[in-house]
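There are 2 protein chains.
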Amino acid sequence: MKVLLVYAHPEPRSLNGTLRDVAVKALEAEGHEVRVTDLYAEGWKSEIDRADFPALIPDARFKPSRASKEAFATNTLTADVRAEQEKLLWADTLILQFPLWWYSMPAILKGWVDRVYAYGFAYGVGEHSDKYWGKRFGEGTLAGKRAMLVVTTGGWEEHYSPRGVNGPIDDLLFPINHGVLYYPGYDVLPPFVAYRVDGLDEAGFEATAERLRQRMRTLTTTPPIPYRRQNGGDYLIPTLELRPDIEAADARGFALHLNGAIHQGNSA
Amino acid sequence: MKVLLVYAHPEPRSLNGTLRDVAVKALEAEGHEVRVTDLYAEGWKSEIDRADFPALIPDARFKPSRASKEAFATNTLTADVRAEQEKLLWADTLILQFPLWWYSMPAILKGWVDRVYAYGFAYGVGEHSDKYWGKRFGEGTLAGKRAMLVVTTGGWEEHYSPRGVNGPIDDLLFPINHGVLYYPGYDVLPPFVAYRVDGLDEAGFEATAERLRQRMRTLTTTPPIPYRRQNGGDYLIPTLELRPDIEAADARGFALHLNGAIHQGNSA
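Heads up: the protein sequence lines correspond to chains G and Y, in order. So for the first sequence, the numbering used here puts the first residue at 1; every next one is plus one. So for the second sequence, the numbering used here puts the first residue at 1001; every next one is plus one.
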């Protein structure tokens, strides 16, 4: 299998750097082919701006989605963005690895999403009308592939538990798992989350590394989070609201969009 | 009153640019003093890296939180970051205005948070022990001030409704409202959200602008989202889990952290 690991930490000698190496080694030991996008090392540009669209008329009003659509259609996106899109098409599995900063991705990784996820590539795929709202949420360019987050945080697991002050980790990661990964078609595996990573001792590190190795070994067999497909019949079109007859047990909020058993505390 | 508006859109002639001008004008008409941080216009640097900490020893391992703590304590943060911190201290109210990209902030705004929210300024404030977990979530450097999001999105309001496919807007914005704004002490007002902004006609624009003006006029009187204070007695320390005797009606997920009435669909 082919795996792309997109990595966002500024210090190679960090815990994140070490865990990245652990993951790559474990994947290669399984016979997988691995490529790494090291955003900081490659000097990734984070901001979408006019420079991303060299074919844009200089004084024209800049509308990011329209510029993205035109540039993708005419193959005039910048070389760095095209290289990442090619890697995404190449890989069977995508891993995004990052420290949780302010309950989300570091800016540099958000900038990778904002720029690489072009119109026609990651969104704006398929018919868009009042009868069909695009190939997304379970369909799209990257359908049939798997994706997974590898996240580190200084907080305790309890702080991210169903009643923890930060909010449940699965809910905090929903905008990424569902909104960034499931959207263009990925089957999304439960995230790997390492808690209390500041001042991890050697035994703590080894336990974390072993847990990550285990996840890398089971990358092809771990069942994905059972998100509902947008076009699978559960949602009304065009309002895209869950059909009134679907009660989804007693789920609320994000959990409504899981088909069947509620996914909770499953982030090992 | 003093208002800081942090604005993240690359095109001044965009709907966002126009709405920013509408907001500034409405605030000034109320007699407020307004400053704007225009991240794109100012060429804001998005990525936290070693260059943010000029006092860092060149070959030392770079640990962002430790470097941030030392630089804040010794007043050696870079000038752009210090200027933003001064503006936050100056302002009674902070507004973050952005288009919703991939269910979150544009990278450039995330980079403003990542870099301006230094250790000792926005986190790491107050005692941190097994008895007291810092001044945060309702306390901290920015306590007593107000904050609010102004967000635009191409999707329909129904798509972001309690049963909409994207997830409820209040849940999607929770990592920002609760995790970025409430964390360092802000009272967080319900967000202003404009839906279906692509192809807004003149009447649609005027209705949106008027809704925004109304929110600007009521900035000082709108009741904030009733998040629970971390150190107000509702959470156990140090696990920071909601006390078992607090049933929070039948709330789940993020809604657990609201004190009293459930905030839902209140994003007008």
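We put the beta carbon where it would ideally sit given N, CA and C, even for glycine. A quick note: this is a predicted structure, and the numbers were derived from the prediction, not measured.
Secondary structure of residue i, DSSP reduced to three states
i, result
"Y/Ala1201", "Before going further, note that residue 1201 of chain Y is Asp rather than Ala in the sequence given. Y/Asp1201: coil per DSSP, three-state reduction."
"Y/Thr1018", "helix"
"G/Tyr180", "The question names Tyr, yet the displayed sequence has Val at residue 180 of chain G. G/Val180: helix per DSSP, three-state reduction."
"G/Arg175", "It should be noted that the sequence gives Pro, not Arg, for residue 175 of chain G. Helix, per DSSP."
"G/Ala118", "coil"
"G/Ser267", "No answer about G/Ser267 holds up, because its pLDDT of 41 lies below 50 and its placement is not dependable."
"Y/Val1081", "helix"
"G/Val113", "helix"
"G/Leu96", "strand"
"Y/Met1148", "strand"
"G/Lys2", "strand"
"Y/Asp1245", "coil"
"G/Trp90", "helix"
"G/Thr37", "strand"
"Y/Phe1254", "helix"
"Y/Ala1194", "strand"
"Y/His1128", "strand"
"Y/Ala1261", "Because Y/Ala1261 sits at a pLDDT of 43, beneath the cut-off of 50, its placement in the model cannot be relied upon, and the following sentence gives the value as read from the coordinates. Coil."
"G/Gly164", "strand"
"Y/Ser1068", "helix"
"Y/Asp1059", "coil"
"G/Asp234", "coil"
When the options are compared against residue i, the one with the closest alpha-carbon
i, options, result
"Y/Lys1045", "G/Ala79, G/Tyr103, G/Ala8, G/Ala107", "G/Ala107"
"G/Ala29", "G/Gly43, G/Met1, G/Glu47, G/Leu39", "G/Met1"
"Y/Arg1211", "Y/Phe1192, Y/Tyr1227, Y/Met1105", "Y/Phe1192"
"Y/Ala1060", "G/Leu88, G/Leu15, G/Glu11, G/Gly17", "G/Glu11"
"Y/Arg1050", "Y/Leu1039, Y/Glu1033, Y/Ala1083, Y/Thr1078", "Y/Thr1078"
"Y/Ala1255", "G/Arg35, G/Val34, G/Pro168, G/Ser65", "G/Pro168"
"G/Ala91", "G/His32, G/Arg229, G/Ser65, G/Tyr132", "G/His32"
"Y/Val1013", "G/Phe137, G/Ala203, G/Phe62, G/Asp130", "According to the sequence as given, residue 1013 of chain Y is Arg; it is not Val. Of the listed residues, the one whose Cα sits closest to Y/Arg1013 is G/Phe62."
"Y/Tyr1132", "Y/Gln1230, Y/Tyr1007, Y/Glu1042, Y/Leu1004", "Y/Gln1230"
"G/Asn166", "Y/Gly1179, Y/Gln1214, Y/Asn1166", "Y/Gly1179"
"Y/Asp1245", "Y/Val1024, Y/Asp1234, Y/Gly1144", "Y/Asp1234"
"G/Thr218", "G/Leu236, G/Pro190, G/Glu241", "G/Pro190"
"Y/Ala1067", "Y/Thr1093, Y/Lys1087, Y/Gly1124, Y/Glu1042", "Y/Gly1124"
"Y/Thr1141", "Y/Tyr1183, Y/Ser1065, Y/Leu1240", "Y/Tyr1183"
"Y/His1257", "G/Val22, G/His159, G/Leu15", "G/His159"
"Y/Tyr1186", "Y/Ala1209, Y/Glu1139, Y/Arg1213, Y/Gly1232", "Y/Glu1139"
"G/Lys87", "G/Val3, G/Glu127, G/Asp21", "G/Val3"
"Y/Val1188", "Y/Glu1202, Y/Glu1241, Y/Phe1137, Y/Gly1126", "Y/Phe1137"
"G/Glu42", "G/His9, G/Ile48, G/Val34, G/Glu202", "G/His9"
"Y/Thr1076", "Y/Leu1089, Y/Glu1202, Y/Val1116", "Y/Val1116"
"Y/Asp1114", "Y/Ala1083, Y/Pro1099, Y/Leu1089, Y/Pro1064", "Y/Pro1064"
Residue burial classification, residue i (beta-carbon count within 10 angstroms, cutoff 16)
i, result
"G/Thr74", "exposed"
"G/Asn259", "exposed"
"G/Ser161", "buried"
"G/Thr220", "exposed"
"G/Trp101", "buried"
"G/Gly164", "buried"
"G/Gly253", "buried"
"G/Ser129", "exposed"
"G/Leu94", "buried"
"Y/Asp1170", "buried"
"G/Gly111", "buried"
"Y/Ala1071", "buried"
"G/Ser267", "Residue placement at G/Ser267 is poorly supported in this model, since its pLDDT is 41, which falls under 50; the coordinates still yield a value, given next. Buried."
"Y/Glu1241", "buried"
"G/Ala261", "Because G/Ala261 sits at a pLDDT of 43, beneath the cut-off of 50, its placement in the model cannot be relied upon, and the following sentence gives the value as read from the coordinates. Its Cβ having fewer than 16 others within 10 Å, G/Ala261 is exposed."
Integer Cβ distance of residue i from residue j, believed to fall under 8 angstroms
i, j, result
"Y/Ala1026", "Y/Met1148", "Their Cβ separation, rounded to whole angstroms, is 13 angstroms, which puts Y/Ala1026 and Y/Met1148 out of contact at 8 angstroms."
"G/Arg146", "G/Pro224", "7 angstroms"
"Y/Leu1109", "Y/Leu1039", "6 angstroms"
"Y/Val1150", "Y/Leu1019", "7 angstroms"
"Y/Tyr1227", "Y/Leu1172", "Actually they do not touch by this definition, with Cβ atoms about 16 angstroms apart."
"Y/Tyr1007", "Y/Gln1097", "5 angstroms"
"G/Ala209", "G/Val22", "5 angstroms"
"Y/Ile985", "Y/Met1105", "Residue 985 of chain Y lies beyond the residue range present for chain Y, which begins at 1001 and ends at 1268; the question has no answer from this structure."
"Y/Leu1200", "Y/Leu1005", "Not really, about 21 angstroms apart at Cβ, beyond 8 angstroms."
"G/Gly144", "G/Gly134", "Not confirmed; about 17 angstroms, so no contact."
Min CB distance residue i to chain C below 7 angstroms
i, result
"G/Thr152", "Judged by its chain identifiers, the structure shown contains no chain C, and its protein chains are G and Y."
Inset, instruction - Check whether the region 179 to 197 of chain G touches the region 146 to 161 of chain G, counting contact only when three or more Cβ pairs, one atom from each stretch, lie closer than 8 angstroms. - result: Yes: at least three Cβ pairs fall under 8 angstroms.
Inset, instruction - Decide if the region 1053 to 1063 of chain Y is in contact with the region 1112 to 1121 of chain Y; the criterion is three or more beta carbon pairs, one per stretch, under 8 angstroms apart. - result: no
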